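Scroll down for the structure; my scribbles are underneath it.
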Amino acid sequence: MIEMRQVEKFYGPFHALKGIDFSVTKGEKIVLCGPSGSGKSTLIRCINHLEPIASGEIVVAGHRLSDSQDAVDAVRREVGMVFQQFNLFPHKTVLENCILAPMRVRKLSRAEAEETARKYLERVRIGDQAAKYPAQLSGGQQQRVAIARALCMEPKAMLFDEPTSALDPEMVKEVLDTMVSLARDGMTMICVTHEMGFARQVADRVIFMADGEIVEENAPDAFFSNP
Ligand code: ADP
Ligand code: ADP
1 MIEMRQVEKF YGPFHALKGI DFSVTKGEKI VLCGPSGSGK STLIRCINHL EPIASGEIVV
61 AGHRLSDSQD AVDAVRREVG MVFQQFNLFP HKTVLENCIL APMRVRKLSR AEAEETARKY
121 LERVRIGDQA AKYPAQLSGG QQQRVAIARA LCMEPKAMLF DEPTSALDPE MVKEVLDTMV
181 SLARDGMTMI CVTHEMGFAR QVADRVIFMA DGEIVEENAP DAFFSNP
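For what it's worth, our numbering labels the leading residue of the sequence shown as 1, then goes sequentially.
This is the structure:
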């Protein structure tokens, strides 16, 4: 589903990703961890071509990112992304936030997009908040809206970049529960997170990065039992 081969990435002179070889099969759940600045966010942003790479190859759902803008567009349609900041439009309701992309990108009619949005808002247990504005919701609720908005594109995989890091502690669990629920449904997921309980619960593999390299890759049990 997602393959990176010998990916190199620089920010100016700074070598941010060094020879990354990485692949994720359909349905797999990967947790990416490691110290701040190790390149986790950069790695997942490269998968959506939010960051261009210097060399190497990235293939997502059969699309080679270097091929064309069409390939990039296809990947962005098929891979949902959830960030630390929810990035909801403040002057649009929850429902409107969720129907924009399905109408524009999937070319759904307004009625179809609305039906889709309501379905995924229910899916993240926030269907009753559809008419509210983001500022009227808690951080945990806003993040679940962001997850629903991504799901409305019916993606083949979901990328999470520290989705709970901006939340107050009491809201972390509701977002993690939503992610657990998606994982149980078989969603292919790559999650950058420091939530090791979540990693133990859902990860097929935990990947540890340091200084732009993958330094360890293991099943969670093996990973956590390492001295
Ligand atoms: P992580 O997600 O592991 O904290 P990042 O991928 O965000 O790490 O960043 C990896 C390194 O790249 C850091 O040293 C960071 O300062 C640097 N970096 C990230 N984004 C940029 C950027 N846009 N310009 C310059 N340096 C960047
Ligand atoms: P189970 O197999 O035990 O029913 P689920 O995957 O349905 O597990 O749910 C796991 C946890 O996530 C539970 O605590 C459940 O309440 C919660 N949960 C399930 N679905 C959602 C959802 N869509 N949004 C938020 N939390 C959910």
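All residues carry an ideal CB built from backbone N, CA and C; glycine is no exception.
Because the structure is a prediction, the values reported are computed rather than measured.
If you look at serine 68, you'll find it isn't in any alpha helix (DSSP H); DSSP assigns it neither H nor E. In this structure, Ile47 is the residue among Phe86, Ile47, His91 with its C-alpha nearest to the C-alpha of arginine 77. The three-state secondary structure of methionine 209, taken from DSSP, is strand. The segment 30-50 makes contact with the segment 66-80: 3 or more CB pairs, one atom from each, lie closer than 8 angstroms.
CA-CA distance, glycine 139 to valine 172, rounds to 9 angstroms. Under the three-state reduction of DSSP output, valine 215 falls in the strand class. Residue pairing of leucine 17 in beta bridges, as defined by DSSP: Lys9. With the rule of 3 Cβ pairs closer than 8 angstroms, the segment 114-121 does not count as touching the segment 61-75.
Cβ-Cβ distances below 7 angstroms link glutamate 162 to Gln84, Val192, Thr193 in the same chain, with the five nearest sequence neighbours on each side left out; the list follows chain order.
Leucine 137 is positioned such that its CB atom lies closer than 8 angstroms to that of valine 145. The C-alpha of glutamate 213 is placed about 21 angstroms away from the C-alpha of glutamate 28.
Residue environment: asparagine 97 is assigned as buried (16 or more neighbouring CB atoms within 10 Å of its CB, all protein chains considered). A Cβ-Cβ distance of about 5 angstroms is found for the pair threonine 188 and methionine 1, placing them in contact under the 8 angstroms criterion.
Between proline 134 and leucine 88, the beta carbon gap of about 4 angstroms places them in contact (Cβ cut-off 8 angstroms). Aspartate 128 carries a helical assignment under DSSP once its states are collapsed to helix, strand and coil.
Serine 181 and asparagine 218 have their C-alpha atoms spaced approximately 23 angstroms apart. Here DSSP, grouped into helix, strand and coil, assigns glycine 197 to helix.
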